[in-house]
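Asks: Please find one structure pasted underneath; my questions will follow.
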Amino acid sequence: MKTGTGSTQVARAVWTVGRHPTHVLRLPSQGPPRLNVLIIPGNPGVAEYYEPFMHSLHQGLQGRACITCVSQLGMDGQGLTSGVFSLSDQIQHKSDLLRQHFSQEGQPPLALLAHSIGAYMAIKAAAGAADARVRAVVAMYPFLEHDPACPRQRSLAWLSRRWRWVGRLVAPLQLLPHPWLSAVVRVQSGMQEEHALAATRLVLRSDSVRNALFLASTEFAELEGSLPWDDLRRLPSFTAYLAEGDMWCPAWQQQLLEKRLGRTQLRRIPGQTHAFCSYSDQSRDLASSIVADLNGLMEGAADPATMLAAGETQLYVTIPYVKANIDSS
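Shown next, in the form of structure tokens:
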């Protein structure tokens, strides 16, 4: 199934990752790809939130990259999987995804763009994926450490432990016609853009709600500690986008990241919020900034079209990269 406008449309597919059917969205490259870009959502992990971001990336990269976004397990809005999945389960899922779909010889280099808790998953999966073609990890407004001093995080931690009860409570919402449900979401959340409303309708299934809250409960438990410095050291390249007033990466964490990483690996864009994917203008502005770095990856990669024309049977891609600079102090 494809959606979108113009010559490039988003293709929807179900991949097998490990033993799990997995919902993916994909914008193919126009010709042999110079780069693979994999977007890992936050929580709730519905890929449809990121469609405007995908289109902006694809346009900014001039169709030379293949853009893929994967839904988190249990949050595809289609009931592809049963049960609930912890943070460890989701990390294993992303590790399997890298190994099975992005590690073959001849594939172009891979950039991971990961949002919120997805950034933690990407760091863990990439650090442990010796055979993957990962050349860069970009954390977009990351959630890397639980802040128990934050009242909203404490409230959400309390709510997440009641995931079974809340899942049953929202079940009747699935019976509402889509226009009615969109109206409820619009009034309660202030969302106006159709892509965000459509994605939220997928979230408000009882199975998606249970999985979002169960994942959150394990996030708060596992992220009780320091930032994942050891894993960051193992990445070929790391960049983080930070937002002022982001409760998931508060000022003290941002200062610590700046001290350990240095300013060159941190980015800030005026007007951005943690929920950038709900807004087309924020998605466009973030994609525009990221494109500049991704163009650098493609410029260092061998041209697949040239290699095929020369009769090469395999594509071996070599690009320069900058090792993540983690201060050990």
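Following our numbering, the numbering of the sequence shown begins with 212 at its first residue and continues without gaps. Built from N, CA and C at the ideal position, the CB exists for glycine as well. No experiment lies behind these values; they were computed from the predicted model shown.
(1) Which of helix, strand or coil does DSSP assign to residue 452?
(2) Tell me the DSSP bridge mates of residue 250?
(3) Which word fits residue 353, buried or exposed, when buried means at least 16 other C-beta atoms lie within 10 angstroms of its C-beta?
(4) Just the C-alpha distance for residue 295 and residue 411, rounded to the nearest angstrom, thanks.
(5) Give me the Cα-Cα distance between residue 485 and residue 501, rounded to the nearest whole angstrom.
(6) Apart from the five residues on each side of it in sequence, which residues of its chain come closer than 8 Å, Cβ to Cβ, to residue 361?
(7) Work out the CA separation of residue 436 and residue 243 for me, nearest whole Å.
(8) Return the chain-ordered ranges of every beta strand (DSSP E) run that is complete within the stretch 340-367 and spans a minimum of 3 residues.
(9) For the pair the stretch 306-320 and the stretch 233-249, tell me if three or more CB-CB distances fall below 8 Å.
(10) On the DSSP letters alone, give me the boundaries of the beta strand (DSSP E) that residue 440 sits inside.
(11) Let me make sure I understand the geometry here. Which of 220, 355 and 445 has the alpha-carbon closest to that of residue 274?
(12) To which residues of the same chain is residue 336 closer than 7 Å at the C-beta, ignoring the five residues directly before and after it?
(13) Would you say the stretch 363-373 touches the stretch 263-271, given that touching needs at least three Cβ pairs under 8 Å?
(14) Taking the alpha-carbon of residue 480 as reference, which of 471, 498, 299 and 489 has the nearest alpha-carbon?
(15) Could you spell out the range, first to last residue, of the alpha helix (DSSP H) harbouring residue 429?
(16) Take residue 429 and list the residues in its own chain whose beta-carbon comes closer than 8 Å to its own, dropping the five residues that flank it on each side.
Replies: So, from the listed chains and residues:
(1) As a working note, residue 452 is residue 241 in the sequence shown. Residue state, collapsed to three classes: strand.
(2) One-based indexing of the sequence shown puts residue 250 at position 39. BP columns for residue 250 point to 280 and 324.
(3) Here residue 353 corresponds to residue number 142 of the sequence shown, with the count starting at 1. Label assigned to residue 353: buried.
(4) Here residue 295 corresponds to residue number 84 of the sequence shown, with the count starting at 1. Here residue 411 corresponds to residue number 200 of the sequence shown, with the count starting at 1. If you take the alpha carbons of residue 295 and residue 411, they lie about 19 Å apart.
(5) Here residue 485 corresponds to residue number 274 of the sequence shown, with the count starting at 1. Here residue 501 corresponds to residue number 290 of the sequence shown, with the count starting at 1. Going by C-alpha positions, residue 485 is about 16 Å away from residue 501.
(6) For the purposes of this step, residue 361 is taken as residue 150 along the sequence shown, with counting starting at 1. Within its own chain, the residues whose Cβ lies closer than 8 Å to the Cβ of residue 361, once the five positions on either side in sequence are excluded, are 458 and 461, listed in chain order.
(7) Counted from its first residue, the sequence shown places residue 243 at position 32. Counted from its first residue, the sequence shown places residue 436 at position 225. So the alpha carbons of these two residues sit roughly 43 Å apart.
(8) Runs found: 345-351.
(9) yes
(10) As a working note, residue 440 is residue 229 in the sequence shown. Careful: residue 440 lies outside any beta strand (DSSP E), inside the alpha helix (DSSP H) at 440-444.
(11) As a first step, residue 274 must be located in the sequence shown, where it is residue number 63. Comparing Cα-Cα distances from residue 274 to each of 220, 355 and 445, the minimum goes to 220.
(12) Position 125 of the sequence shown, counted from the first residue, corresponds to residue 336. For residue 336, where only same-chain residues beyond five positions count, the Cβ hits under 7 Å are 302, 305, 306 and 309.
(13) no
(14) As a first step, residue 480 is located in the sequence shown; it is residue number 269 there, counting from the start. Out of 471, 498, 299 and 489, 498 has the C-alpha closest to the C-alpha of residue 480.
(15) Indexing the sequence shown from 1 puts residue 429 at position 218. Counting along the chain, the alpha helix (DSSP H) containing residue 429 begins and ends at 417-433.
(16) Here the question's residue 429 lines up with position 218 in the sequence shown. Cβ within range, chain order: 297, 298 and 299.
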